[in-house]
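Here the structure comes first, spelled out in structure tokens, and everything after it is commentary.
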Amino acid sequence: MSQGYAIELYFDPALENQVLKAWNVLARRQISTQLIEIESRPHITLFSSSLCDPFKLETTVKNFVAKQEPLPLSFASIGSFSSDNNVLFLAPTPTLSLLQFHSQLFDAMRKEGVEVGEEYRPDMWLPYCPVAEGVPKARMAEAFNVLRDLKLPVSGYAMDIALVEYPPVREVFSFALGNSVEP
1 MSQGYAIELY FDPALENQVL KAWNVLARRQ ISTQLIEIES RPHITLFSSS
51 LCDPFKLETT VKNFVAKQEP LPLSFASIGS FSSDNNVLFL APTPTLSLLQ
101 FHSQLFDAMR KEGVEVGEEY RPDMWLPYCP VAEGVPKARM AEAFNVLRDL
151 KLPVSGYAMD IALVEYPPVR EVFSFALGNS VEP
């Protein structure tokens, strides 16, 4: 049974592999395997909701991405949320193009009557790529050190956008950025 839906940005293969390297090192050291276990994929979450109509979103997202180009990304820092879930993440440089992309998608969804949570409003959204979840508190410093070995920044492009249902992660639909909509 689904606990929710998320719209995620996916990366080009080289950037995705850089993030997967971090996931795999953390898994081999038995620090965190949660993202692998739920069958996630390296991403930036643009929107998340426990309730949504996937069919309504599909048309909105398809029309939106047809006007977009692949988005340059550079992950330059490591962060953590002060929550019980002990999430570690890579933070992308919040470029104007990334922030505008998110804001325009937010506007398109609002026009269609899609409820968007407070934390995904453009003035509240914090872009991040999760690299570990459920890290034991006693191993947070070790996990940070593993991530520091990534030799940041790691750069590439956001190439696709997808709606996923979770957990486990199951892709409902995805579109390449810049793909023209068929008439």
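According to full-length UniProt numbering, the residues represented by the sequence shown are 1 to 183, in order. By construction, the Cβ of each residue, glycine as well, lies at the ideal position given by its N, Cα and C atoms. The structure displayed is predicted, hence computed values, not measured ones.
Which same chain residues, not among the five before or five after residue 74, have their C-beta less than 6 Å away from its C-beta? Excluding residues up to 5 positions away in sequence, 93, 153 and 155 lie with their Cβ nearer than 6 Å to the Cβ of residue 74 in the same chain.
If we call anything under 9 Å between Cβ atoms a contact, is residue 44 one with residue 122? no
Secondary structure of residue 166, DSSP reduced to three states: The three-state secondary structure of residue 166, taken from DSSP, is strand.
In the DSSP output, what is residue 120 paired with across the bridge? DSSP, once it has assigned bridges, lists no residue as partnering residue 120.
Of the choices 37, 101 and 110, whose alpha-carbon is the least far from that of residue 133? Cα-wise, what sits closest to residue 133 is 37.
Measuring alpha carbon to alpha carbon, tell me which of 90, 107, 54 and 65 ends up nearest residue 143. 90
Whole-number beta carbon distance between residue 64 and residue 105, since they are thought to touch under 8 Å: 6 Å
Near residue 40, what residues of its chain come up, given a Cβ to Cβ distance below 7 Å and the 5 sequence neighbours on each side ignored? 169
Run through DSSP, which three-state label would residue 81 get? coil
Start and end of the beta strand (DSSP E) containing residue 49? 43 to 49
Taking one C-beta from the region 106 to 125 and one from the region 65 to 84 each time, how about it: are there three or more such pairs within less than 8 Å? no
Taking residue 158 as the reference, give the member of 4, 15, 113 and 119 with the closest Cα. 15
For residue 54 and residue 130, I'd like the C-alpha separation in whole angstroms. 23 Å
In the DSSP output, which residue or residues are listed as bridge partners for residue 150? According to DSSP, which records beta bridges pairwise, residue 150 is partnered with nothing at all.
Among 48, 84 and 3, whose alpha-carbon lies nearest the alpha-carbon of residue 119? 48
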